[in-house]
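In our numbering, the protein residues as written are 1 to 340. Shown next, in structure tokens, is the structure this report addresses.
Have a look at this one:
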């Protein structure tokens, strides 16, 4: 699971749809931020997290047959508002992942969006939040398959700051572990079992003294980080791998493409060779967890000057202003979450 460091500072504004009246549970937010008391959505009801339990025979527990989304909500203390970032886009993607995993009876985009917002609202957060909806194969059964299995939904929301240091820049290494190709495990689905591949990459990097891993495809092209998309800057042009190089179709990546276009920074979407990273002027990672994290070193080689570059700093700063509701032109990214 994601581990937390410190929080970057602030929030905008599409009003959230009214919460569904379906689940009638009376659970309320904990007085203290005891995770066992945080309210989650589990098996059709809102309950304290301590009561959300599954059997060790659950198919998803044994085989990784589940999908999830990571969504952030950003607190703007000046405005006294909490903003969910691109909630509907995440909901649309998890529904696509459910199709890949042969999951049926999945809530509509509107219904699932309302459930996510209501889960957060019931906790009364006034800080940055990480939200994870997950559909999992809930049948108690032994046997590797996707068909003839029931599925359930849970949604958790917890206080969450920085997953990685976004200010000083991060050091990365090229992992010896390659990304699973799409013909082996669909990259466009956020499939829980596939994250073991990423765990190998992340642990290899950290155990060798780096912050993150850069991962290559089976044919040697740059793929992404262990769990984040990648951009490099060379001669003023932003480069990022295409979706058919086995990358996750990142929600934050799409936001970056929009932001770069608005800043008049040209973008090329194409395959990238490993050695191109060594001669990059700048590089940064993007994703729900890492947010926008400039890279200052790869494989013992400095990126550009070895410090956060001007484009990386611009994009990072604009992004954090956007997600905290300070930039009206990006308010379509945001959903205001009611405070309980």
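All C-beta atoms in this analysis are idealised placements derived from N, C-alpha and C, irrespective of residue type, glycine included.
Span separating the alpha-carbon of residue 27 from that of residue 53:
By one-based count along the chain shown, residue 27 stands at place 27. By one-based count along the chain shown, residue 53 stands at place 53. Because residue 27 carries a pLDDT of 46, less than 50, the predicted location of this residue cannot be relied on, and the following value inherits that uncertainty. Going by the C-alpha atoms only, they are around 16 Å apart.
Just to confirm my understanding: we take residue 64, look at its own chain, exclude 5 residues before and 5 after, and list those with CB closer than 6 Å. What are they?
In the chain shown, residue 64 corresponds to position 64, counting from 1. So the list reads 192, 193, once near-sequence residues are dropped.
With a threshold of 7 Å on Cβ separation, who are the neighbours of residue 307 within its own chain once the five nearest residues in sequence on each side are excluded?
For the purposes of this step, residue 307 is taken as the residue at position 307 of the chain shown. If we look at residue 307 and ignore the five residues flanking it on each side, its Cβ neighbours are 169, 296.
Can you tell me where the alpha helix (DSSP H) holding residue 277 begins and where it ends?
Here residue 277 corresponds to residue number 277 of the chain shown, with the count starting at 1. That run of the alpha helix (DSSP H) goes 274-278.
DSSP three-state assignment for residue 68, whether helix, strand or coil
One-based indexing of the chain shown puts residue 68 at position 68. If DSSP states are grouped into helix, strand and coil, residue 68 belongs with the strands.
Closest by C-alpha distance to residue 85, when choosing among 237, 179, 132
Position 85 of the chain shown, counted from the start, is the residue given in the question as residue 85. Closest by alpha carbon: 132.
Under 8 Å between C-beta atoms of residue 83 and residue 325
Within the chain shown, residue 83 is the residue found at index 83, counting from 1. Within the chain shown, residue 325 is the residue found at index 325, counting from 1. Yes.
Give the range of the beta strand (DSSP E) segment to which residue 45 is assigned.
Stepping through the chain shown from its first residue, residue 45 is reached at position 45. That run of the beta strand (DSSP E) goes 45-48.
Can you check the segment 49-118 for any alpha helix (DSSP H) of at least 4 residues that lies completely inside it and give the ranges in chain order?
59-63, 87-100
Check whether the segment 172-190 touches the segment 151-164, taking contact to mean three or more Cβ pairs, one atom from each stretch, closer than 8 Å.
no
Check residue 303 in the structure and name its three-state DSSP category.
The count along the chain shown starts at 1 and reaches residue 303 at position 303. Of the three classes helix, strand and coil, the one that applies to residue 303 here is coil, per DSSP.
Identify the continuous beta strand (DSSP E) that holds residue 255 and give its terminal residues.
Here residue 255 corresponds to residue number 255 of the chain shown, with the count starting at 1. It is not in any beta strand (DSSP E) - residue 255 instead sits in the alpha helix (DSSP H) that spans 251-262.
The segment 265-273 in contact with the segment 201-212 per 3-pair CB rule at 8 Å:
no
For the segment 149-200, which segments carrying the alpha helix (DSSP H) assignment without a break, of at least 4 residues, lie completely within its bounds, in sequence order?
none
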